[in-house]
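Chemist:
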Amino acid sequence: MAQRVQSGHLLDSERLREFCSVPLQKVGMSPEDALIAAEVLVRTDLRGVHTHGVRFLPNYIKRIQAGGINSRAEFKVIHQTASTALVDGNAGLGHVASYKAVQLGIEKANHHDVAVVLVRNSNHFGAAGHYALMCAEAGFIGIVLTNTPRIMKVSGSKSRVLGNGPTAYGVPSRGAPIVFDVAMSVVAGSTILMAAERNESIVEGWIVNSDGLPTTNPNDMAAGGALVPIADHKGYGLTLLGELLAGALSGAGMASGVGKTGPNGLTAPNVPWNVGHSFIVLKPNAFMSLDSFKARVSVLTTEIQSSPKAAGVNRIYVPGEIEAEKELARIKDGIGFDDVTWNSLLLLAKEFGIVDMLEKTRRQ
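Note that numbering that gives the first Met the number 0 gives residue 216 to position 217 of the sequence shown, counting from 1, and the numbers run on in steps of one.
Now the structure itself:
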């Protein structure tokens, strides 16, 4: 599903990063970690993935205040080999643990051609594609998986059984890196939440209600409904892979052991999720020079893009191209947000006495 277009409030990305870091610091995060989290959130919006960008910031702050996220979490390597590492996220914000885990994976893969870094005891890490993009921009192939609190049904079930942990990959290219990032449900859970916030109906087939029946009411999700996996057993099987690598192998929570569901069907804010993440980093130079690999990727993408187009189609994209073009445009022109996102940021700014700082993010 294409990301919704947001407009009404045009914000400068650099100033928005600075703004986002301040509430995180005020609730205990170090300046370094707060800026890492702000960078991940804002760049996600720059690339048009509004479901996983700064709209989540107020929620993260509430979870920190409630005790569900440890704002002073230390990045701790439990044990490691030359090409692997197991990291304890210490119940911190997943963006920070994941950013540092990818950096560690890139360092190991640079010396040993391939690396696998697993993280346990973490929380939501935002857009999986961000970490795949980090790998690709550094000249590596990155594969990212995670598990999440239970929110999706599986083949044959009536209600929630697994999370809808996304799968993402990033590949270096002569042009914009190829980046693919999808949840294993028909649409991401954030899409349903955004529709509920805006009093919009949804497409039948996206979720089922508490009775296991298709519904167009997004509020049925919070009333015990469940997301539907893509292509039924196929989405179920790919979600299970994330649960196995990011959950079982890392020692993180699995299925019902991830987070704790409150009475409204949403994850309780005062409980750490114990999410697991898996980062696989591969060095193309282990097989051929990076330039040679990029040239071959270019041949492949050119063949794809020059194939005959369906009626009404002007251009065929490869994954990551649209997002890269949006990012360039929004760095120049600003990021658009609608009233719902702006008002949530405004409430946060009022709480911490930084309304002037938020107002200064506006593009004139």
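Glycine included, C-beta positions come from ideal geometry on N, C-alpha and C. It should be emphasised that the depicted structure is a prediction, and the values quoted were computed from it without experimental measurement.
Are Leu15 and Arg362 closer than 8 Å when you measure CB to CB?
Modeler: No. Outside cutoff.
Chemist: So, helix, strand or coil for Ala348, using DSSP?
Modeler: Residue state, collapsed to three classes: helix.
Chemist: Roughly how many angstroms lie between the CA atoms of Ala394 and Lys25, to the nearest whole one?
Modeler: An answer regarding residue 394 cannot be provided, because it is not within the stretch 0 to 363 covered by the chain.
Chemist: Report yes if the CB atom of Gly250 is closer than 8 Å to the CB atom of Arg119, and no otherwise.
Modeler: Going by C-beta atoms, Gly250 is nearer than 8 Å to Arg119.
Chemist: Return yes when the Cβ of Gln5 is within less than 8 Å of the Cβ of Thr340, no when it is not.
Modeler: In this structure, Gln5 lies closer than 8 Å to Thr340 by Cβ.
Chemist: So, Gly252 versus Val270, is the Cβ gap smaller than 8 Å?
Modeler: No; because the gap between Cβ atoms is not below 8 Å, this pair is not in contact.
Chemist: Can Ser82 and Gly275 be called in contact, C-beta distance under 8 Å?
Modeler: No.
Chemist: Within a Cβ cutoff of 6 Å, which residues of the same chain sit near Ile35, ignoring the five residues on either side of it in sequence?
Modeler: For Ile35, where only same-chain residues beyond five positions count, the Cβ hits under 6 Å are Val95 and Tyr98.
Chemist: Roughly how many whole angstroms lie between the Cα atoms of Ser154 and Asn163?
Modeler: So the two alpha carbons sit approximately 13 Å from each other.
Chemist: Go to His276, then tell me how far its alpha helix (DSSP H) extends in each direction, as first and last residue.
Modeler: Not the alpha helix (DSSP H): His276 falls in the beta strand (DSSP E), residues Val274 to Leu281.
Chemist: With 16 other CB atoms within 10 Å as the buried threshold, where does Thr301 fall?
Modeler: Looking at its Cβ environment, which holds fewer than 16 other Cβ atoms inside 10 Å, Thr301 is exposed.
Chemist: In the DSSP assignment, what residue or residues form a beta bridge with Asp44?
Modeler: For Asp44, which the question treats as bridged, DSSP gives no partner whatsoever.
Chemist: Can you round the beta-carbon distance between Val207 and Ala225 to whole angstroms, since I take them to be within the 8 Å contact cut?
Modeler: Going by Cβ atoms, the distance from Val207 to Ala225 rounds to 5 Å, so yes, they are a contact pair.
Chemist: Under a Cβ-count criterion, where at least 16 other Cβ atoms within 10 Å of its own Cβ denotes burial, should Lys349 be classed as buried or exposed?
Modeler: Per the 10 Å Cβ criterion, exposed.
Chemist: Should the segment 214-223 be called in touch with the segment 39-53, which here means at least 3 C-beta pairs below 8 Å?
Modeler: The segment 214-223 is not in contact with the segment 39-53.
Chemist: Tell me the residue span of the beta strand (DSSP E) that contains Val113.
Modeler: Val113 to Ser121 is the span of the beta strand (DSSP E), which, as asked, contains Val113.
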